[in-house]
Every structure is written in C-alpha cells, then in structure tokens.
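Numbering (our numbering), first residue to last: 174 to 1060.
Just so it is clear, CB atoms sit at the ideal spot from N, CA and C, and this is done for glycine as well.
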RNA sequence: GGGCGAUUAGCUCAGCGGGAGAGCGUCCCCUUUACACGGGGAGGGUCGGCGGUUCGAAUCCGUCAUCGCCCACCA
C-alpha cells in the first residue's frame, strides 16, 4: 500500500499487546448475551483464589479456555467465557491473620464483625490482582459477567443448597474423626489433605500384662498418642497373641489397664503384629473403636498441645471413669506441644525400660494442602454431607458415557474417587466464608433456615423460643465452588443465561482437582439443575521444570509468567510457547522456555512477511480476493493447497484439544511453507501478476487460523492487510469452501522444492559462493514451463541452459534437472549419491521380492513401494550416467 | 500395596505398523532491497534392555530396569 508509513522492522509486543487488548475492551467483543439463534459455547472459568497470582499453570489451563472461546466465536457460535474468583476461605483468612499480626492484632481480639469488614476491604483492594495478569496474557473472558463466590446471588445459592440438602436428610451434624489443621485452626476435607514422605522412627513399646506377665510389644510412629490408648489390637488368627486376647495390658508410666482385642484390620506381618488403638487420633483406630464399642478420649487439643483427657462427646460415665481416674499421671505432659511431647514421652519411656527398639523409618504424614501444617486427626463435632446418594448419579453419568474425559484415562480417577467416597466434612472454623445457615435454641435444638427471620418463625412454632444463637462455623470453600457452573448463570433464578448456557460444553482443569472439584460440580449440578454441568472434561498436563520437578515457590524453580515470560516474549510468545508443548496423552509438561523464544521470533518472522507484502511495488489489492484460477501460477496453486490443508489440520486439532499439534502445524506453515518458500518464490518475474493478491489472501486466512493462540500479532497483521470488519476477534474462521486446492500442481511444486534443495546442497558442497550463479541444465521438454523454470532460477539462484531429453510426467521432468560443475567434487558427489541410491534400490527390491509383503501388505503400500523403486532406479541411472560422463 | 505415565540426536520433544524427524545447541558459508529476532548447508541416533507377534516393529504384546505422578486404614 503506497503512501502508508513504513512498518517497523521488528515487531514490538510490548507496544502492540496492551494497545490491542484495550481496543478489544473498547469494542466490547468479549461480551455476549444469550442468543438461542446460535449454538451455545460456554466455559466457566475455574475461579482463581483472591489470594492467587498468575502462575505457569494458568498458562496451560486458562490459555486453552481463551483459545476455545475465541475459536468458537469465530465459528459463529454464541461463545462466552465467564470469569470470577473464589473467596478461598482458609487461604484468605491465613493472609489476613498474618497481616493483623504485623499490626499486633488478632482475629479473636478484633471480633467477627470487624474481622469480616477488614476481609472485605482486603478483597476489594487486592482480590482482583490476578485479572491484570490475565489481561496482560490476552485472556478475553466476558468481564461484565465476572462473579465472586461470595456475591449475594451466589451466597443465596449456597444457602438454598444447604437448606435443601439438610431437609432432604443429606446434611447432618455429628461427632466424627476429622482432619484438623492446628495452624489454620480449622478442619479440612479428606480431599484437601496431602501425604508427604518424612523420615522418622518406628518405636517399639512394651505393654506389660496386668497379671505381671510379659505382655506384648507394639510398634508405633506416634508414641505421644499412647496417652489416649484404649486397647491393643491383634489379628484374630495371630497365634502369637491368642493367649492374650481378652486379657489386659498396662500402659507404661500412667499405669492404665487396657484390653487386648482381636480385629481383622490388623496386619500380622507389619511391625510386631500388635497395634495400639487410639480411636480419637487415627482413622483406622477410630473404626476399630466403633466396632468394639471402645471409649474415645482425646489427648491432643485444637491448638496441638497435650490436654487430658478431653471428652468431645457424650461418653458413658462408666467408660470415662477408669480413664479419668488416671489423668493425674498424665499431668507432666499437659500443655506440651505435640512434637515436644513426643520427644519427652519417648525419653521417659526409654528411662522406664518400656522402649524396646527405635527403628529408623520412612512414613507418610498427612499435611494440609493449604497451610502445609501436619494434620491432626481429631474427634470433633462437625457438619457433614452424606455422599452416597449424590455420588451414585454422578458415577452413572460417567459409566453411561454422558460425561466424557479427555484424555480418557482420567475418567478412572473420577470413578475411583466417587466409588469410594466418604461423607464430606463441610464445616470450617474460619470466619471468612459462607456462615452456616444454622441456629441453636438455648436447649441446643438445631434449626436450619434460609435466614434469621425464617429461623425465628421455626423456633417459635417448634420450640416456643425466640432466643437463638447462630453457628459460628463457615462452609468449606468447595461447597460454593461446587455450584459454580450454574450459580454464575443466576441459579436458582431461571435466567435466560441458565436456559441457554447450561450445561457448559467443556470444563478445563488440571488433574489434581478432578475429585476435589469436578466431581462436586457434577454431583451438585445433577441434583439441583437436573443436568450434567458439562459434557466434556479436558484435563491439562501439570507443569514441571526441565529437571522434572514440580514447580514450587519453596524449591525456587517456579516460573512467573508475568515477570519471567511476558516481558521477554510477549503474551503471544508465552501462549504459543506453552501450547506448543502440550500433548494430549502426556500428563506432565517439562516447561522449556526455548519454545517461547522460538514463538517470539516466529511473530517477528510473520511481521516481516507482512512488511514484504506491503512493500510490493504493485501494492496490495483493496479487498481479500483471489485472482481467477486460470491465472494462478504453480506456486500459487501449491500455497493455496497447503493453506487449505493447514486450516483443516488446525481445525481438527482445536476440536480435539490437540493444542500442541495446532501450534506445530501453524508454525510449520507460517515459517517454512509461507515465508521460506512461497515468499521467496514470489520474487520470480512470472509471479508478478498474482503475488500481491495471493500473499494477502493466504496471510489473511492464516492469521485468522492462528488468532486463538496468539491474539495480538495476528490482529496487528490482519488490520494491516485488506480485511473485513473491525477486529479479527469477531472475524470468521477461514472458510474451506473459499480455499481452492490443486493436488496435481501442488505435487509438481513439491518436486521443484526437492530439486532446489538438491541444487543448494550441490552448491554448498562444490563451494560455489551464494553470490555466484549456479549453472543448471533443464531438459528441453521443460521449456515453456515458466512456473517451474522461473522458480528454479530464482530459488536456486541459477543460470539455466537446456539439454536434450527428459520425458515423462511433470514431476519426472523436474527431477531430471541437473547442476553443472566441472570440479572433482562433482565426481565425489555423484559417487556418494550412486552408493546411497544403490542401497535404497536394494532395500526396495528386497522388500518387493518378499512374497509375504506383496501378498499381505495393503495394495496402496505395495504400489507406493513400486513407485519409489522406479524413482530410485531412474535417479540411480541418471547419476550413473552423469558419473560416466565425467570420465 | 494398587493404578497411570515416561524412556527416540548433547537438551526439550514430535512421530505410534511400511524409507529415523523438529526446534535449540554444535560446525561451515552468507549483511542477497521482508526479516542477522535472518537465509543456506553439514554433522549427530544399534528409537532404555531382553523376548514375542508380523512379510515388516521406534510404533503392537510380554517382561525387566530407571524416572515421575496419583490412590490406599500397614500402626
């Protein structure tokens, strides 16, 4: 385009990306209203924590969401991506408590109301920080529809779900063994507990028999809990201990007699085959305790110190008495922190001669996935959801094929988790979150209601009181995020959004929360909306460093895309580089920054191809149109054919979540096919008439195909080219019907490429400088094939002469083109080539002589092999002739 | 203890039944008016080991080894 200011030589993402993002916001292209006339395409963004920062995992999980939304929008669908944040109860409260501490304040000192006021302040001030990162990465969700798990509407949905489940008998209150985080001062669900390998000891302790006998030796990793032992269990068939079953042994130091019982949960081969039973501090022991009706005293308090004995439920007085009677002897340990207590108790047991053996041992300790504190299993009065009837339909949805996982194998993670599900502890002792809609009368009658007014009515009608106190606990964060795909659409109101955009087409997430989150959305969606929340779950790979270690702050190997990648490679380079490394079947992505660097250079490369097209002296056409087919050259027909194939492949890849394949294909076409070959070919004189239109047409379609991956450079190029519409974001996906394909011509041009590569290779080996022209002979039969001869002359920088001969197909005649040189290196080269071809011919002949091959291999394969052999044979003859001619 | 994944060029990976590939790195040539954030060329691999299926295996099956992930109530 003459007169246009010259385009800068280097593409500058830092300048382009923020400008174009702002432009998209100004144009309002990310916002959609539900439109039943178009197919829906909707993704619920997994809500990041308000305490969260963008990390590389967002690159691999959120970029595909942005990509798919952009792609489906270009396909003309009613596509929307709804963003939002999660209040992240425990994580946020921990941040706040830490902040208060710097001011010398405490949560309890502040009081609930003021604490929550501070929390909301914090949320307003810092809670949106991640959005800026997302915008810098080019993510284009529908910001107008942004939701927060503690919005009034979403909170109302939470209350309704709680009340409904309670009234249906699926929520109950009870004393159970729960996972207690002494650091966060709250319970955690099983799914939020991780196991970490730790080096410790297996301590062997002798419990003497009450009658003065040897008794037995138990093995334990948690000696401090022996204060709350109520039995020793052995396997019923274990002959070693049969004589002790039903008798008592005595706990050392504190002299309490406990029974030896038989239970099949005991593994005779582990340790000594005898296990101490502490029902209030261990899951297995708890189950044994239930089976045998044992008392369940606790010795570890909520703050992680020894306290004796605590009865957290209504224990029968006679069961309590024997234990309470010995409490005085535990006094030395009361108030000690749990790990200090362990040390002290081990020393005392050693001194008392009860410690038989101290064996180094590696074990897994339960750790909070949030605070990383060691979890204390504790007996506590909490609220639970009965999961079985919720899990059944969710399991059925998967088994019937209605719910699909990509890759498939992750379905088994989901299935296994649901099939073995336990009741879900949903009450938390933090203040930041959805407070339980539960009130108590002075007589501790429980009232569950939508609000206080309703609770009062119930209180008066049922219990004749209006004096109520509300349960201080809040709900597990996952209780509200489990409603996300429908609560963000307005549920329980019957909104147009809910009608059109539920269910979602796809949920994209990482595999560590398949059970924690995905299964809860399915269970609650099925129960409350009556439909699956999504049809497909796409599971993205986890991101590791080059050494294969998980990225983590503590290891110091975490890569922050905002500081480490975007400034160096731009958002496009970052996105392209990450997607390039994604493979469907791979469950880990060893992040290699070199892919981002390559992607950045790719953007520059495309940018320069644009500069070339814009600088053509004939100028670009005013619109995106192809010349009539009969005027297209061999090279034109080839690039159009390749473009069509590329668009098809990329489309298939996007549809199948094969983002790495899509990125590979685009890079291959853009860099090698378009820039290295087609652009170079257009420098031949015969390309003059059509090149501007074809260059522009192909680049225009190409950047549209690449736009979902790299939104900015594609838009900047598209806006510079002839185009229709205001922005590439709402442009249409390249229409295959408008990209013609010419298989025969494309094949002939491929032969040109092959020949040019051979000629360049010869030039390099013969030491002919790039400036010098190479002498090349074409068969006379190629005279008049300007598309071929011009391309050869230009691409190989050759001076053409003809020689007599050459017949056969166009491809064969092209391959008969030969370089002329009179150096000794030519002999070397022909000799080497003859040897190579002889071995190829021999391999091929052997294969074809194999009766099994000819008889059993498919006809296509055999025919292709025959054709290959013929080609090799012809080439071999030519090289032999050439060699002979040198003599 | 179960389940899953990985093992291909120095590095990161693609290919997944019919002639071993890419990028980066290495070596050589080139500032040719789109691009040196570039172009051209070269070298580099018994496709983890061993068996099996097949006319044919990097590709399918078995087995072993190494690494990694997930699940589980061996205290």
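For the alpha helix (DSSP H) that residue i lies in, which residues bound it at each end?
i            : result
residue 503  : From DSSP, residue 503 is part of no alpha helix (DSSP H); its letter is neither H nor E.
residue 828  : 807-828
residue 429  : Neither: residue 429 is in no alpha helix (DSSP H) and is coded neither H nor E.
residue 1063 : Residue 1063 is absent from the structure shown; the chain starts at 174 and stops at 1060.
residue 304  : 302-309
Would you decide whether residue i is buried or exposed? Buried here means 16 or more other CB atoms lie within 10 Å of its CB.
i            : result
residue 315  : buried
residue 952  : buried
residue 838  : buried
residue 811  : buried
residue 697  : buried
residue 1054 : exposed
residue 1029 : exposed
residue 669  : exposed
residue 525  : exposed
residue 649  : buried
residue 293  : exposed
residue 1004 : exposed
residue 537  : exposed
Measuring alpha carbon to alpha carbon, tell me which of the options ends up nearest residue i.
i            : options                 : result
residue 211  : 218, 245, 232 and 235   : 245
residue 610  : 493, 333, 840 and 543   : 333
residue 182  : 778, 942 and 444        : 778
residue 970  : 709, 954 and 948        : 948
residue 502  : 488, 993, 521 and 803   : 521
residue 909  : 756, 821 and 929        : 821
residue 991  : 1005, 975 and 485       : 975
residue 1011 : 1043, 739, 493 and 1032 : 1043
residue 437  : 431, 464, 451 and 399   : 464
residue 311  : 790, 826, 236 and 537   : 236
residue 420  : 387, 395 and 441        : 387
residue 804  : 817, 864 and 748        : 864
residue 574  : 524, 626 and 705        : 705
residue 776  : 879, 718 and 674        : 879
residue 823  : 198, 240 and 214        : 240
residue 737  : 179, 232, 414 and 200   : 232
residue 765  : 781, 722 and 780        : 722
Tell me the DSSP secondary structure of residue i in three-state form.
i            : result
residue 954  : helix
residue 673  : helix
residue 361  : strand
residue 462  : helix
residue 841  : helix
residue 778  : helix
residue 593  : coil
residue 492  : helix
residue 833  : helix
residue 939  : coil
residue 1047 : helix
residue 293  : helix
residue 174  : Bear in mind that the predicted position of residue 174 carries a pLDDT of just 38, short of 50, making it unreliable; the figure below should be weighed with that in mind. DSSP places residue 174 in coil when its eight states are reduced to three.
residue 698  : helix
residue 723  : strand
Quickly, what does DSSP pair residue i with across the bridge? List them, please.
i           : result
residue 321 : 258
residue 353 : 360 and 549
residue 253 : 215
residue 374 : 533
residue 683 : 713
Span of the beta strand (DSSP E) holding residue i?
i           : result
residue 392 : 389-393
residue 450 : 447-450
residue 974 : 971-976
residue 716 : 715-717
residue 203 : Run containing residue 203: none; DSSP gives neither H nor E here.
residue 625 : From DSSP, residue 625 is part of no beta strand (DSSP E) but of the alpha helix (DSSP H) over 625-631.
residue 752 : Unbroken run through residue 752 is the alpha helix (DSSP H), 739-753; no beta strand (DSSP E).
residue 873 : Not the beta strand (DSSP E): residue 873 falls in the alpha helix (DSSP H), residues 861-879.
Within the present structure, is the beta-carbon of residue i separated from the nearest heavy atom of the ligand MN by less than 7 Å?
i           : result
residue 818 : Judged by which ligands are present, the structure shown has none, so any question about the ligand MN falls away.
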